[in-house]
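Below is one structure, written out as structure tokens; comments come after it.
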Amino acid sequence: MMETFTTSNAMYNNDLLIYICNLIEDHHLSYILSRLEDRHFRSRYLPKQKTIIINTNWWNPPEIPFMAAHELGHYINGDKGVMYYDHTYKWQEHRAFNRNDDAFKEDQADLYGLDLIWNYASSQGYTCEDPGEFMLQFGIPERLKKVVAQKFESNNDLLF
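The UniProt record's numbering puts the first residue of the sequence shown at 1, with every later residue one more than the last.
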């Protein structure tokens, strides 16, 4: 059974967040879980401090574990800066091929976060037949809808 944490009548998967925080520590990084007043302050990786800041007051609480996994992805991918999505950014419509492009780095961090959560769900015995259900259960942002659908298609019966 997955443990959840309730904030402002919304929930996120606390077991998953703990798992990701443990992975952050395994990579000799620190993390700060902070209930910031600004509900739109994005979690971020600070390379010079080797720290990930996780805003536990994010406006869409189910996304909090994904955001932590995404930021760990920046570290894993060797990203050196602090990058942000533009509010009009549409992942599935963007084609970033230049490894130095901020959008490419954001795409790669998204893919890392998605893969980390996919593998976690699989290891916990979670089964699902619908990409949308998976996205809701694990707080995967809408911008990754096509990528999640492709993951399900590549798993034959849409179960993992």
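All residues carry an ideal CB built from backbone N, CA and C; glycine is no exception.
Cβ shell of residue i (< 8 Å), same chain only, five flanking positions each side left out
i          : result
residue 27 : 72, 75, 76
residue 64 : 12, 17, 43, 54, 55, 56, 58, 139
residue 25 : 31
Contacting residues, own chain, Cβ-Cβ under 7 Å from residue i (five flanking each side not counted)
i           : result
residue 88  : Low local confidence applies: a pLDDT of 47 at residue 88 is under 50, so the model's placement there is unreliable, with the coordinate-based value given in what follows. Nothing meets the Cβ criterion.
residue 91  : Only weak support is given to the placement of residue 91: the predicted model assigns it a pLDDT of 49, under 50, and the question is left unresolved by the model.
residue 29  : 50, 51, 52, 75
residue 150 : none
residue 120 : 16, 19
residue 36  : 55, 57
residue 23  : 72
residue 40  : 59
residue 141 : 63, 66
Proximity winner among the options, relative to residue i (alpha-carbon distances)
i           : options           : result
residue 20  : 67, 130, 125, 82  : 67
residue 81  : 36, 103, 155, 154 : 103
residue 122 : 155, 141, 101     : 155
Beta-ladder partner(s) of residue i, from DSSP
i          : result
residue 45 : 52
residue 34 : 55
Under 9 Å between C-beta atoms of residue i and residue j
i          : j          : result
residue 15 : residue 47 : no
Same chain only: Cβ atoms within 6 Å of residue i, ignoring 5 sequence neighbours per side
i           : result
residue 45  : 52, 71, 74, 75
residue 128 : 134
Whole-angstrom C-beta distance between residue j and residue i, which should lie under 8 Å
i           : j          : result
residue 136 : residue 69 : Actually they are not in contact, since the Cβ atoms of residue 136 and residue 69 sit about 16 Å apart, beyond 8 Å.
C-beta neighbour in chain B for residue i, strict 9 Å
i           : result
residue 102 : Of the protein chains in this structure there is only one, and it is not chain B.
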